[in-house]
Amino acid sequence: MKLLLIEDDRKTADYIAKGLAESGYVVDRAYEGRDGLFMSSGGGYDALVVDRMLPGMDGLALIAALRAAEIKTPVLILSAMGAVDDRVKGLRAGGDDYLVKPFAFAELLARIEALLRRGPIAGATVKLKAGALEMDLLARSVTRAGREIELLPREFRLLEFLMRHAGQVVTRTMLLENVWDYHFDPQTNVIDVHVSRLRQKLDKGFDKPLLQTVRGAGYRLTVA
Amino acid sequence: MPVSMRGFEIWRFLHTNAFRIAAVYFVLFAASVLALLVFFYLSTADFLERQIEATVDAEIRGLQEQHEIEGLLQVIRERSAPGRADNMLYLVTDPLLNPLAGNLSQWPREARQVRSGWFLFPIQVTTRNGAETHNVLCSVFVLGNGDHLLVGRDLHDAAVFRNRILTTLAWAGLIALGLGIAGGVVMTRNMLNRVEAVAKTAEQIIRGDFAQRVPLSGSGDEFDQLGSNLNVMLDQIERLMAGMRQVTDNIAHDLRTPLSRLRARLEVTLLEKPDAALYADALRETIAEADQLLVTFNALLSIAEAEAGSRRDTATVIDLAEIARAVAELYEPVAEEKGLVLAFEAPKPVRVRGDRHLLSQAIANLLDNALKYTPAGRVALSVRGENGTARVAVADSGPGIPADRREAVFDRFVRLEGSRSTPGNGLGLSLVRAVARLHDGAATLEDNNPGLTAVLTLPLAPDAPNVPEKPAPAVSSPPLAKGAKFPESGVVT
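Going line by line, the protein sequences match chains W and E.
In terms of this note's numbering, the first sequence is residues 1 to 224.
In terms of this note's numbering, the second sequence is residues 225 to 717.
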């Protein structure tokens, strides 16, 4: 998987690139907006990580230019501006996800992974499958190995998000943003409680746990 | 230099709006005074002339009647005897214009051909000042016996009187114009001084003296109103600046301690014998500490943002009941985990104008606190709209807060004794209050006997046709069935 990192602060760029390389990605770097646009306009990357404030060309302008040229490479925006309005602007410009600085590296990794896998499963899917787990989005039913699992609406949406990202690490912030549409840190670890409830329902009567906790990062729904 | 300064000041004065207004008013004033005086003079002069004519007319009619009864000459002689200085002139002549009686020496040359009617002629009069030429207005008449009668009046006194009026009016006009100019200048200067006082205050503030305020005259006029509005604005700005300064101070203070601790931990770890496991542990602890720092930092920023009121323009009409229901839903498993009962009650939609994210966070903070500090029992979240006010109440059965400490906990970083072992940064309620203020509302704590009730009040949105904003589902799934949502009211756990 080949990534392009467009970030003007060299120290930040160095440590992000190092971390991504250690996680198995091939990373190219651009330190300036116009260079970044030039490099990414070839379409040779699987995903872009773009800082919002860049010299030469603003990050949002860069993304808008790419989208105008019909280049659909997924883009993760990095920004120090974390207000809801700023996020909305970023996503409107054509960004696929928005991560506020400073961030946990695990968060960045999880989000890049989510972006890379997103493409094919999006759209008019009616059924989701992850290992023995099956979800019917129309009938709103869930079965594990053919056995029906009763879920509350919010649990259903939580599981839906986890299934769409099956096999990937999903962070608490990602869940809070995508399932609840909240952009603040609740003081209590509410997400953990919700996940553990869901886990109990999923694993009841089964030996093998489906929902794993990834230490320091979040959760992963096992595929196998 | 002083001369040119003076010149500059006058030039500046002439270019002020106040001067222009005063000048226009002065011209109007002068024109009306002048018109009034001219009218007065003309009507007075006209009246004088008519009166003279009437006098002469009456006299000649009387003498005509006298002539019928005889003895006219005698009467004329009596009336024109020297010493009767009433400015009347009389003359009776025979048909050949030879004088018979009267105080005029001869028939005026200008009136030889005139049989009857009015005319004007000059006479030579000897006075104390010497010989003078006076104009005489007279009427002549031919009597039944062919004698000619002339009755006239010396116009000299009338002319003197008219001149005096003219002089008086001229003086009156001059005085009025003088007063007008003086008044205009005083008014303009006064206005300029008031404006200048505002400008001077602004200059001082620009130079950095933020305590300056616009002086008020106390008359409550427009200038006072402008000044007091400016002062209120300045107070507000000063308060906001003080708030920002406090935030900065608090951030600096609260971040300094954990930052030093973090640094110390890393230093001490380096001093120890190199050991991978030890290093990894130290790094993990450092990361955890850094995360906590970030949480505090973000909370402070949220508060500052809410206090700065920068999100006011994004406010839309939203349903507070719906927002509270979503938050209750988020926290419901937490309550269950702790063995608490979380009740939610919102009988009908409560529309307010506000920011969904901030209000969600505020309610979440209230609920978070209630659940954290209630060891056992019940927490109730209710939303009601009454008398133009939306009221969100979170009532718990916990230990409560003593009445004298209930205001203090809204301050930043304030945590009560006994709560320090519970995780938290002492910023939750500060944010609630900031959000309440941003929405023109209030946040208070009340007694729940036993326990505490945290109340957030906001003004209700006026009945607008706006549809309440629905939390946008970020996952692409069909919307949930209405009945499947958090129950409208009742006990959940």
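All C-beta atoms, glycine included, are put in the ideal place defined by N, C-alpha and C.
As the structure is a prediction and not an experimental result, all values here were calculated from the model.
> Relative to chain W, which residues along the stretch 587–602 of chain E have a C-beta separation below 8 Å, given in chain order?
Replying inline: Closer than 8 Å at the C-beta level to chain W, one finds these residues of the stretch 587–602 of chain E: ALA588, ASN589, ASP592, LEU595 and LYS596.
> How many angstroms separate the CA atom of E:ALA421 from the CA atom of E:PHE232?
Replying inline: The count along the second sequence starts at 1 and reaches residue 421 of chain E at position 197. The count along the second sequence starts at 1 and reaches residue 232 of chain E at position 8. E:ALA421 and E:PHE232: Cα-Cα distance of roughly 19 Å.
> E:SER654 CB to nearest chain W CB: under 9 Å?
Replying inline: What you label residue 654 of chain E is simply residue 430 of the second sequence in a count that begins at 1. With 9 Å as the cut-off, E:SER654 does not count as an interface residue toward chain W.
> Residues of chain E with a CB under 7 Å from the CB of W:HIS194: which are they?
Replying inline: For the purposes of this step, residue 194 of chain W is taken as the residue at position 194 of the first sequence. Near W:HIS194 (Cβ distances below 7 Å), the residues of chain E are PRO557.
> So which residues of chain E does W:VAL84 contact, with C-beta pairs closer than 7 Å?
Replying inline: Locating residue 84 of chain W in the first sequence gives position 84, where the first residue counts as 1. Contact annotation for W:VAL84 against chain E: HIS581 [CB-CB distance below 7 Å, chain order].
>> Count Cβ pairs between the stretch 657–664 of chain E and the stretch 546–565 of chain E that sit closer than 8 Å; are there 3 or more?
In response: No: the two stretches stay apart, fewer than three of their Cβ pairs being nearer than 8 Å.
> In this structure, does DSSP put W:GLY19 in helix, strand or coil?
Replying inline: Taking the first sequence and counting its residues from 1, the one referred to as residue 19 of chain W is at position 19. It is helical.
>> Please give me, in chain order, every unbroken run of the beta strand (DSSP E) with length at least 3 that falls completely inside the stretch 513–568 of chain E.
In response: 540–543, all fully within the stretch 513–568 of chain E.
>> Check whether chain E comes within 9 Å of W:GLN187, counting only Cβ atoms and requiring the distance to be less than that.
In response: To locate residue 187 of chain W, count along the first sequence from 1; it is residue 187. For W:GLN187, the answer is yes, since a Cβ of chain E falls inside 9 Å of its Cβ.
> Which chain W residues sit within Cβ distance under 7 Å of E:ARG553?
Replying inline: By 1-based counting over the second sequence, the position of residue 553 of chain E is 329. It should be noted that the sequence gives Glu, not Arg, for residue 553 of chain E. Those are ARG154, listed as they occur along chain W.
> Does the beta-carbon of W:ARG197 have 16 or more other beta-carbons within 10 angstroms, so that it is buried, or is it exposed?
Replying inline: Along the first sequence, read from residue 1 onward, the residue named residue 197 of chain W stands at position 197. Residue environment: W:ARG197 is assigned as buried (16 or more neighbouring CB atoms within 10 Å of its CB, all protein chains considered).
>> Could you check whether E:PHE447 and E:VAL419 sit closer than 9 Å to each other, using their CB atoms as the reference points?
In response: On the second sequence, residue 419 of chain E is found 195 positions in, with the first residue counted as 1. On the second sequence, residue 447 of chain E is found 223 positions in, with the first residue counted as 1. Taking the C-beta atoms as reference points, E:PHE447 is found nearer than 9 Å to E:VAL419.
> Going by Cα to Cα distance, which pick from E:ASN241, E:THR350, E:ASP478 and E:ALA658 is closest to E:LEU518?
Replying inline: As a first step, residue 518 of chain E must be located in the second sequence, where it is residue number 294. It is E:ASP478.
>> Does chain E have any CB closer than 9 Å to the CB of W:VAL190?
In response: Stepping through the first sequence from its first residue, residue 190 of chain W is reached at position 190. Yes, because at least one Cβ of chain E sits closer than 9 Å to the Cβ of W:VAL190.
> Relative to the C-alpha of E:THR598, which residue among E:GLY563, E:ARG629, E:PRO319 and E:LYS572 is closest?
Replying inline: Start at 1 with the first residue of the second sequence, and residue 598 of chain E comes out as number 374. Comparing Cα positions, the closest option is E:GLY563.
> Any idea what DSSP makes of E:GLN288, helix, strand or coil?
Replying inline: As a working note, residue 288 of chain E is residue 64 in the second sequence. E:GLN288 falls in the helix class under three-state DSSP.
> CA-CA distance, E:ASN359 and E:LEU403?
Replying inline: On the second sequence, residue 359 of chain E is found 135 positions in, with the first residue counted as 1. On the second sequence, residue 403 of chain E is found 179 positions in, with the first residue counted as 1. Approximately 39 Å between the Cα atoms of the pair.
>> Within 10 Å of its beta-carbon, does E:HIS581 have 16 or more other beta-carbons around it, so buried, or fewer, so exposed?
In response: Your numbering for residue 581 of chain E matches position 357 in the second sequence. Buried, by the Cβ-count rule.
> What residues of chain E sit near W:PRO225, judged by a beta carbon separation below 7 Å?
Replying inline: What is shown of chain W runs 1 to 224, which leaves residue 225 of chain W out entirely.
> Do the CB positions of E:VAL718 and E:ARG377 come within less than 9 Å of each other?
Replying inline: Nothing in the structure corresponds to residue 718 of chain E, since chain E is present only between 225 and 717.
> So who's on the other strand from E:LEU662, going by DSSP bridges?
Replying inline: The residue you call residue 662 of chain E lines up with position 438 of the second sequence. In the DSSP output, where bridge partners are listed per residue, E:LEU662 has none listed.
> Start and end of the alpha helix (DSSP H) containing W:LEU48?
Replying inline: Along the first sequence, read from residue 1 onward, the residue named residue 48 of chain W stands at position 48. Counting along the chain, W:LEU48 falls outside any alpha helix (DSSP H), though it belongs to the beta strand (DSSP E) covering 47–51.
> Given a threshold of 16 other Cβ atoms within 10 Å of its Cβ, counted over all protein chains shown, does E:ASP579 qualify as buried or as exposed?
Replying inline: Stepping through the second sequence from its first residue, residue 579 of chain E is reached at position 355. Around the CB of E:ASP579, 16 or more other CB atoms lie within 10 Å, so the residue is classed as buried.
>> Would you say E:ARG508 lies against chain W (beta-carbon separation less than 9 Å)?
In response: Looking up residue 508 of chain E in the second sequence gives position 284. Yes - at least one Cβ of chain W is within 9 Å of the one on E:ARG508.
> DSSP beta-bridge partners for E:SER363?
Replying inline: Locating residue 363 of chain E in the second sequence gives position 139, counting from the first residue. Paired residues: E:TRP342 and E:VAL375.
> Using CA coordinates, which residue listed in E:GLY407, E:ALA278, E:TYR265 and E:THR350 is at the minimum distance from E:THR391?
Replying inline: Within the second sequence, numbered from 1, the residue matching residue 391 of chain E stands at position 167. Looking only at E:GLY407, E:ALA278, E:TYR265 and E:THR350, the smallest Cα-Cα distance to E:THR391 is reached by E:TYR265.
>> Taking 8 Å as the cut-off, does the stretch 126–139 of chain W touch the stretch 150–164 of chain W (at least 3 CB pairs, one atom from each stretch)?
In response: Taking 8 Å as the limit for Cβ pairs, the verdict is that the stretch 126–139 of chain W does touch the stretch 150–164 of chain W.
> When the distance is taken between beta carbons, is E:LEU296 closer than 9 Å to E:LEU367?
Replying inline: Along the second sequence, read from residue 1 onward, the residue named residue 367 of chain E stands at position 143. Along the second sequence, read from residue 1 onward, the residue named residue 296 of chain E stands at position 72. At the C-beta level, E:LEU367 and E:LEU296 come within 9 Å of one another.
> Exposed or buried, E:HIS239, counting other C-beta atoms within 10 Å across all chains shown (16 or more means buried)?
Replying inline: Counting from one through the second sequence, the residue named residue 239 of chain E turns up at place 15. It is exposed - the Cβ of E:HIS239 has fewer than 16 other Cβ atoms within 10 Å.
> Is E:VAL618 near E:VAL574, with beta carbons less than 9 Å apart?
Replying inline: What you label residue 618 of chain E is simply residue 394 of the second sequence in a count that begins at 1. What you label residue 574 of chain E is simply residue 350 of the second sequence in a count that begins at 1. No; because the gap between Cβ atoms is not below 9 Å, this pair is not in contact.
> Where are the beta strand (DSSP E) runs, 3 residues long or more, that stay fully inside the stretch 559–619 of chain E, in chain order?
Replying inline: Those beta strand (DSSP E) runs which fall completely within the stretch 559–619 of chain E and span 3+ residues are 565–569, 575–578 and 602–610.
> Helix, strand or coil: how does DSSP classify E:GLN275 here?
Replying inline: Along the second sequence, read from residue 1 onward, the residue named residue 275 of chain E stands at position 51. Of the three classes helix, strand and coil, the one that applies to E:GLN275 here is helix, per DSSP.
>> Restricting to Cα atoms, I'd like to know which of W:VAL50, W:PRO74 and W:GLU22 is closest to W:ARG29.
In response: Here residue 29 of chain W corresponds to residue number 29 of the first sequence, with the count starting at 1. Comparing Cα-Cα distances from W:ARG29 to each of W:VAL50, W:PRO74 and W:GLU22, the minimum goes to W:VAL50.
> In chain W, what lies closer than 8 Å to E:GLN585 by C-beta?
Replying inline: As a first step, residue 585 of chain E is located in the second sequence; it is residue number 361 there, counting from the start. Within 8 Å Cβ-Cβ: TYR182 and PHE184.
> In the DSSP assignment, what are the bridge partners of W:LEU78?
Replying inline: Within the first sequence, residue 78 of chain W is the residue found at index 78, counting from 1. Looking at the DSSP assignment, W:LEU78 forms a beta bridge with W:ASP51 and W:LEU99.
>> Once the 5 residues before and after W:PRO186 are set aside, which same chain residues still bring their CB inside 8 Å of it?
In response: Walking along the first sequence from the start, residue 186 of chain W turns up at place 186. LEU176, listed in sequence order.
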